[in-house]
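Report on the following structure.
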Amino acid sequence: MKQIVFGESVQGASHKRVNMECQDTFKKLEYDDGTVIMAIADGHGSKACPHSKSGSSIAVNVFCKVMGEFYANYAENLEMLLTYLNREGDTKVAQEIDAEWKRRVLKVHTKQKREVPLTETGEKNKAEIYKQYGSTLVGMMITPIFIFAFQLGDGDISIVSRNGLNHLLEGEKILGVETHSLSKIDSWKRAVSVVRRRTADSGFPYMLMLSTDGFANSYKSVDDFQKTCLDYFGMIEQYGAGAVAANLKAWLDETSSMGCGDDITVLIAYFMDDGAPESEATASE
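Just so we're aligned, residue 5 is where the sequence shown starts under the numbering used here, counting upward by one.
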């Protein structure tokens, strides 16, 4: 089996017009046994969240740190890790991510010497500090035997193959433009997760894709969004991952300009059998 992991974050067209930096962040880690840890986050970018870019950066780093530690502890027994994540993914794992994100936010806020809001009793108002860094988080751990998907807030986790597109996980939706956020107290309670076993006969090639809501929201319908995901998969098959990676930023810029104008992040892990053409296994970093 060969794999290639690549992605891009682009500043939304509407954000360019008001000179607001891209609020999205992504991160990926790859290990010698083929394990991949990948995450995307979408900072809220509202007036109430002036530091949400930092919040999204902290989010992906926390996910990769927490899942990287699980991998290090269970690398010799992935079956045990599968069982643990299946049982505790949306509880203990989510609690650890929630707590570590909030710990780092307070540390950054103090280090940057930013104004500290106070409660009516004169104590540090941590909830108001967290709100300034509000962000979603979507992540995956892909090991040789299983896939673990985690979501808190908006975004899409898609698996694409010649058989079509499916969502590995559906995040809990809120009516309107609101989304669940790491900044909320006990945000872990809104996290959802799933574990899927990988089997030798699952069929190659296939693509796992993480995307922030700016991607799906730039299309008029769910069908149009899914067709684009299938088109990306088809182009990787036809032209190779390197060609798609080289053009991804320009495509996402165009998608945002013609769509909702939001920041867009897409992170792709593409898997093929060992007999696939070498060009498919090459992508620019």
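No residue lacks a Cβ here, since even glycine has one placed at the ideal position from N, Cα and C.
Item: Confirm, please, whether the CB-CB distance from residue 72 to residue 33 is below 8 Å.; Value: yes
Item: Would residue 263 pass as an interface residue toward chain C - the criterion being a Cβ-Cβ separation below 8 Å?; Value: Given the protein chain composition of this structure (a single chain), no chain C is represented.
Item: Hey, residue 60 and residue 139 are a contact pair by Cβ (cut 8 Å); roughly how many whole angstroms apart?; Value: 4 Å
Item: With DSSP run on the structure shown, which of helix, strand or coil describes residue 186?; Value: coil
Item: Select from 271, 112, 266 the residue whose C-alpha is nearest the C-alpha of residue 16.; Value: 266
Item: Taking 7 Å as the cut-off, does the CB of residue 246 come closer than this to any heavy atom belonging to the ligand NAP?; Value: Absence of the ligand NAP from the depicted structure is noted, as is the absence of any ligand whatsoever, leaving it without description.
Item: Whole angstroms is fine: what's the gap from residue 154's alpha carbon to residue 87's?; Value: 15 Å
Item: For residue 123, which of helix, strand or coil comes out of DSSP?; Value: coil
Item: Helix or strand or just coil, what does DSSP make of residue 92?; Value: helix
Item: By the three-class DSSP mapping on this structure, what secondary structure does residue 171 have?; Value: strand
Item: On the CB-based measure, 16 or more other CB atoms within 10 Å of its CB, does residue 171 come out buried or exposed?; Value: exposed
Item: Across which residues does DSSP place residue 269 in a beta bridge pair?; Value: 13
Item: Quick one: is residue 35 buried, meaning 16 or more other Cβ sit within 10 Å of its Cβ, or exposed?; Value: exposed
Item: Below 8 Å, how does it come out for the stretch 39-48 and the stretch 245-265: are there three or more Cβ pairs, yes or no?; Value: no
Item: Between the alpha carbons of residue 164 and residue 242, how many angstroms are there, rounded?; Value: 15 Å
Item: List, from N- to C-terminal side, the beta strand (DSSP E) runs of 3 residues or more that fit wholly inside the stretch 25-108.; Value: 28-34, 40-46
Item: Going residue by residue through the stretch 231-258, where are the continuous alpha helix (DSSP H) segments of at least 4 residues, counting only ones entirely within it?; Value: none
Item: When you compare the stretch 63-72 with the stretch 89-106, are there three or more beta-carbon pairs, one atom per stretch, that lie closer than 8 Å?; Value: yes
Item: Suppose you measure from the CA of residue 5 to the CA of residue 199; what does that come to, to the nearest Å?; Value: 21 Å
Item: Closer than 7 Å by C-beta to residue 14: which residues in its own chain qualify, once you throw out the five before and the five after it? Chain order, please.; Value: 26, 253, 256, 257, 260, 267, 268
Item: Measure from the alpha carbon of residue 272 to the alpha carbon of each residue in 50, 233, 57, then state which is nearest.; Value: 233
Item: So, for residue 132: in the same chain, excluding its five sequence neighbours on each side, which residues have a beta-carbon less than 7 Å away from its beta-carbon?; Value: 121
Item: Would you mind reading off the limits of the alpha helix (DSSP H) that contains residue 1?; Value: In the structure displayed, the chain extends from 5 to 289; residue 1 sits before or after that span and is not available.
Item: Quick one: measure Cβ to Cβ for residue 245 and residue 10, integer angstroms, because I've assumed they're closer than 8 Å.; Value: 7 Å
Item: Let's see if you can read the secondary structure: which residues bound the alpha helix (DSSP H) around residue 153?; Value: Not the alpha helix (DSSP H): residue 153 falls in the beta strand (DSSP E), residues 150-156.
Item: Name the residue from 210, 237, 215, 128 whose alpha carbon lies nearest to the alpha carbon of residue 277.; Value: 210
Item: Between 89, 127, 117, 196, which has its C-alpha nearest residue 141's C-alpha?; Value: 196
Item: Helix, strand or coil: how does DSSP classify residue 164 here?; Value: strand
Item: Identify whether residue 118 lies in helix, strand or coil by the three-state DSSP scheme.; Value: coil
Item: Among all the DSSP beta bridges, which residues are the ones paired with residue 207?; Value: Residue 207 is not bridged to any residue.
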